[in-house]
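Step one of this worksheet: look at the structure below.
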Amino acid sequence: MNVKITSPSEFQSAEIVTDRQNPACIRCGLCLATCPVYRTTLRETDSPRGKIALLNAVADDRLEVGQEFSERYYGCLLCGACATICPSGVPLEEIIQAARDDMSLHKLEPERLAQLGRIIAEHHNISGEDNAHRLLWTANMEDEPMALKPRETADVVYFVGCVGSFFPRSYRLPQTMVQLLEKADIDHAVLGGEEWCCGYPLLINGELDQASELIQHNLEAIKSMNPEKVVFTCPSCLHIWNHVYRSVAGEELPFELLHATQLLADLVDAGKLRFRELPAQRVTYHDPCDLGRKEKIFDAPRRVLQAIPGVELVEMRDNRANSHCCGGGGNLETFNAELSYAISDLRLGQAQEVEAKVIASACQQCERTLTEAARRNRVRIRVLDVAELALQALEE
Amino acid sequence: MLSESIQSELGEIVGNEHLLTSPEALICYSYDGTFHESLPEAVILPADTAEIAQVLELCNRQRIPVIPRGMASGLAAATVPVDGGLILNTVRLNRLLEIDKANMMATVQAGIITSDLQLEVEKLGLFYPPDPSSVRHSTIGGNIACNAGGPRCLKYGITGDYVMALEVVLADGRILRTGGKAIKNVTGYDLVSLFTGSEGTLGVITEATLKLIALPEAKRTAQAIFPRLEDASKSVNAVLWGGIVPATLELMDETAINAVEDYMQLGLPRDAEAILIIETDGDPADAARDMDVVARICSEGGASEVRIAKTPAESDELWRARRSISGSLGRKRPNKLGEDISVPRSAIPDTIRGIKEISQNRNLPIVIFGHAGDGNLHPNILFDKNDPEEWQRVQAAVADLFGLAVAVGGTLSGEHGVGTLKKPFLESDVGPVAIDVMRSVRHALDPHGILNPGKIFD
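If you read the protein sequences in the order shown, they are chains A and B. First residue of the first sequence? That's 1 in my numbering, and the numbers climb one at a time after it. First residue of the second sequence? That's 1001 in my numbering, and the numbers climb one at a time after it.
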């Protein structure tokens, strides 16, 4: 099905591209150098410059919006590398997101993603399981974590996120996090079945309306615990809380939002976590897009790693604001798994290039995609969360 | 559109998934780094030389225009179709075939990104110096086809100075291998030089052997501010007279300084007529000593301030002003036309004065920066292409610029090439005999005129 756009106002993204107030794409091509999708497919149609050209064509009535157009915009990691490198300051993230909103509105969203949206709306999580099972990750822990103690309020609420709650291979991360919180003597709680999907996958698919119910629920659930801080191990949850929850709430949130690595770095600085020496290992840190480029948190995870004796921290070719996506961003894996894997392989290659034995990250999605890349390529490289290395160093 | 039977023949050669004909694909391959656009009839992405040979054999037989294209960072509309045809994209040929350490040469396929090649050879202590500003988003094939330059060319030379051997597919599909690893080679015509800079009109470059040199160990960066342009220009000459060849010698004139200040607020002096960004390199002692001399010459020559970076971070900071120019242009007006006239070094002050007059006469903002060491200037005309009256004035300003360049003893293009944009002005620069010779060469190699038709000259 094609949609003929008769006026740019029917297509919000076309309106942003043609708005004279916004910097225009001068077609320099610099974004091709950093776009992981372009670097993998080598197709101009997949490049950020190409995406803008397509929208300009829609705005000028030279192109009808149809399946291929839609695929180009969903075949994107939303990693933001293009927006960072663009010398003209074209608001690429805003444009790409608006285009997805438009596609959702005009029913041009790929079926697999629409399906994901329906699962989240019905089950309040990305897996489709009963949301009451959000604490399965605690089942095989030796000691029942203190986080499960029934309680009215807590100083810190740990927002676990869907991947850590429902993907057995990612259980290790919440298990690690609650142990670290206990060792640091922090009064904390998790929400269990009262934690709903943060809404991020819906928002990036362009289904803003469906996300608002989830956002309202989570805001109420956390406010009722009256915490000082909410801590996240998932950078995407943190990003959406920082940027969308605040505006939905319409007021300053009565608590601080922190990524786990920020909390850990503070605890290290305050002397509340003291690390023993780990066996000497060459570790590289992979900046998750939502934590680094989008939340500008680059130093905290590195500070934690550097505080662990035995860890030799090395940087990959693309790091910090120029980090290369793990391949797991933008719901790309749901839409086009093969492409997502090829991008993961490129990032794995960068870790091999600096001869790292461990890739440390701070996002369960990055960990999952990079672990799978290592297995697929039969590469002996361990992928861990910064928190997991920290816990090892406390226990050695 | 290409006929169904031709499409199916092309699809058989490369595999259907590598032949693109959707409206979306045609739009995305209709432009380069300029504001020009024109749709091709199809886009083909062959995997290797053999496939390219088959594609050209077919297109030659069927008289289908073929436009060779890398990553389309070009600034002369040389890869923008003029009248449909087939875009032949060489990006899939992106392998590094060999680094020959003993002979210090690398052999690569045409589609490798230039900075990827540089990173690989630098791991071995080797250096491929040409550094067009598109180094991260352009391919070696494109660099050779346009004989690309860059800031480091003053000291290290241009792309063509590093091309030792080429593999080229000719218009009729024959594969030519020319040149080799022998440094001295006068056996027959220098065909390597003929194809270098031919902008896809004589053949499709598929493989190249490139000369490498030892990677300089250290570099030093300085920024010198000159209240008077004339002093900056004289200082450049004095540095070179002093026997020092800086790796780069970049000039921003007051239009560029103010454009950057408008958007970045770096604290650059808006009343200064010129800023030079100078880099020396070599072994650590040489780089430092050369920089001391450069700083002294600039100070004595009228610089109000010379800042020398002590750390790589400070060096980055000094480059920021220069690197921010291109970004600041898009914020001033929606379109820009970046020219690259090249003039004798001594004519730089006159040329810049002339450009400012053109800017005033045509009532168009023109931002000027460039490579002060080799006289290659980049006047960028800022405009809105949706305003037809303004577009008329832009075209008049371009003619003025080229007239100025030729009048001071220079040339139209130092590094971007002719493509579509400079075609109308070519004869005024090179003269009718040169065009006639070029036309004969082109006709001999491409009698049916299928290779990048409508580019450079008709």
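The beta-carbon is built from N, C-alpha and C at its ideal position, and this holds for glycine as well.
For my contact list, residue i and residue j are in at a C-beta cut-off of 8 angstroms; report their separation, rounded to the angstrom.
i: B/I1013; j: B/E1051; result: 6 angstroms
i: B/E1122; j: B/I1099; result: Not really, about 11 angstroms apart at Cβ, beyond 8 angstroms.
i: A/C79; j: A/L92; result: Wrong, their Cβ atoms sit about 11 angstroms apart, outside the cutoff.
i: A/R112; j: A/F335; result: 6 angstroms
i: B/T1139; j: B/K1455; result: Not really, about 18 angstroms apart at Cβ, beyond 8 angstroms.
i: A/C162; j: A/C197; result: 5 angstroms
i: B/G1338; j: B/L1075; result: 6 angstroms
Around the C-beta of residue i, are 16 or more other C-beta atoms found within 10 angstroms, so that it is buried, or is it exposed?
i: A/E195; result: buried
i: A/R274; result: exposed
i: A/V231; result: buried
i: B/W1241; result: exposed
i: B/S1428; result: exposed
i: B/V1066; result: buried
i: A/R72; result: buried
i: A/Y200; result: buried
i: A/T45; result: buried
i: A/A154; result: buried
i: A/P174; result: buried
i: B/K1336; result: buried
i: A/E251; result: exposed
i: A/N331; result: buried
Please report the residue range of the alpha helix (DSSP H) in which residue i lies.
i: B/K1234; result: L1229 to W1241
i: B/E1357; result: I1348 to N1361
i: B/I1257; result: E1254 to M1264
i: A/V230; result: Taken as a continuous stretch (DSSP letters only), A/V230 belongs to no alpha helix (DSSP H), being part of the beta strand (DSSP E) at K229 to F232.
i: A/T369; result: Q364 to R376
i: A/R20; result: It is not in any alpha helix (DSSP H) - A/R20 carries neither H nor E in the DSSP assignment.
i: B/P1379; result: Premise fails: B/P1379 lies in the beta strand (DSSP E), N1376 to F1383, not in any alpha helix (DSSP H).
If you compare alpha carbons, which of the options is closest to residue i?
i: A/V283; options: A/C326, A/A351 and A/K296; result: A/A351
i: B/P1216; options: B/T1280, B/M1252, B/E1199 and B/L1240; result: B/T1280
i: B/F1383; options: B/I1087, B/V1192, B/L1426 and B/A1396; result: B/A1396
i: B/I1366; options: B/F1457, B/G1330, B/S1346 and B/I1006; result: B/G1330
i: A/P227; options: A/A265, A/L180, A/V157 and A/G292; result: A/V157
i: B/Q1007; options: B/L1086, B/H1371 and B/E1199; result: B/L1086
i: B/V1294; options: B/A1232, B/P1379 and B/Y1156; result: B/A1232
i: A/D19; options: A/L32, A/L55 and A/D46; result: A/L55
i: A/I347; options: A/E315, A/N336 and A/T334; result: This sequence places Arg at residue 347 of chain A; Ile is not what is there. Nearest of A/E315, A/N336 and A/T334 to A/R347, Cα basis: A/E315.
i: B/P1344; options: B/L1421, B/K1423, B/S1193 and B/G1414; result: B/G1414
i: A/L30; options: A/V65, A/V90, A/E71 and A/N22; result: A/V90
i: B/A1372; options: B/I1352, B/T1159, B/V1192 and B/N1361; result: B/I1352
i: B/L1229; options: B/V1398, B/T1187, B/P1349 and B/A1110; result: B/P1349
i: A/A362; options: A/S236, A/D61 and A/A270; result: A/S236
i: B/I1275; options: B/I1205, B/G1370 and B/N1185; result: B/G1370
i: B/M1291; options: B/T1255, B/K1219, B/L1266 and B/I1358; result: B/K1219
i: B/A1208; options: B/F1425, B/A1110, B/E1273 and B/V1082; result: B/A1110
i: A/A211; options: A/I120, A/D102 and A/Q306; result: A/I120
i: A/R134; options: A/E142, A/N125 and A/D101; result: A/N125
i: B/T1467; options: B/D1286, B/A1321, B/S1193 and B/V1204; result: Because chain B here runs from 1001 to 1458, residue 1467 of chain B falls outside it and cannot be looked at.
If you follow the beta strand (DSSP E) that residue i is part of, which residue opens it and which one closes it?
i: B/S1193; result: Unbroken run through B/S1193 is the alpha helix (DSSP H), L1191 to F1195; no beta strand (DSSP E).
i: B/M1164; result: V1163 to V1169
i: B/K1332; result: No beta strand (DSSP E) holds B/K1332; the alpha helix (DSSP H) holding it covers I1325 to K1332.
i: A/S361; result: V358 to S361
i: A/F159; result: V156 to F159
i: B/A1274; result: A1274 to G1282
i: B/D1100; result: L1096 to D1100
i: B/M1105; result: M1105 to Q1109
i: B/I1158; result: Careful: B/I1158 lies outside any beta strand (DSSP E) and carries neither H nor E.
i: A/D385; result: R382 to D385
i: B/N1143; result: Looking at the DSSP string, B/N1143 is not in any beta strand (DSSP E); the run it does join, the alpha helix (DSSP H), is I1140 to A1145.
i: B/K1181; result: Per DSSP, B/K1181 belongs to no beta strand (DSSP E) and is neither H nor E.
How about residue i: is its Cβ closer than 7 angstroms to a heavy atom in the ligand SAM?
i: A/A189; result: The ligand SAM is absent from the structure shown, which contains no ligand whatsoever.
Answer with yes or no whether the minimum CB distance from residue i to chain D is below 8 angstroms.
i: B/G1330; result: Checking the listed chains, one finds no chain D in this structure; the protein chains it contains are A and B.
Determine contact between the stretch 1245 to 1258 of chain B and the stretch 1267 to 1279 of chain B, defined as no fewer than three beta-carbon pairs at a distance below 8 angstroms. yes
Contact between the stretch 1088 to 1100 of chain B and the stretch 1219 to 1236 of chain B: three or more CB pairs below 8 angstroms? no
Please confirm if the stretch 1173 to 1182 of chain B is in contact with the stretch 1134 to 1154 of chain B, defined as three or more CB-CB distances below 8 angstroms between the two stretches. no
The stretch 1046 to 1066 of chain B in contact with the stretch 1009 to 1025 of chain B per 3-pair CB rule at 8 angstroms: yes
Do the stretch 239 to 258 of chain A and the stretch 201 to 220 of chain A make contact, defined as three or more Cβ pairs closer than 8 angstroms? yes
Give a yes or no on contact between the stretch 1255 to 1264 of chain B and the stretch 1299 to 1313 of chain B, applying the rule of three or more CB pairs nearer than 8 angstroms. no
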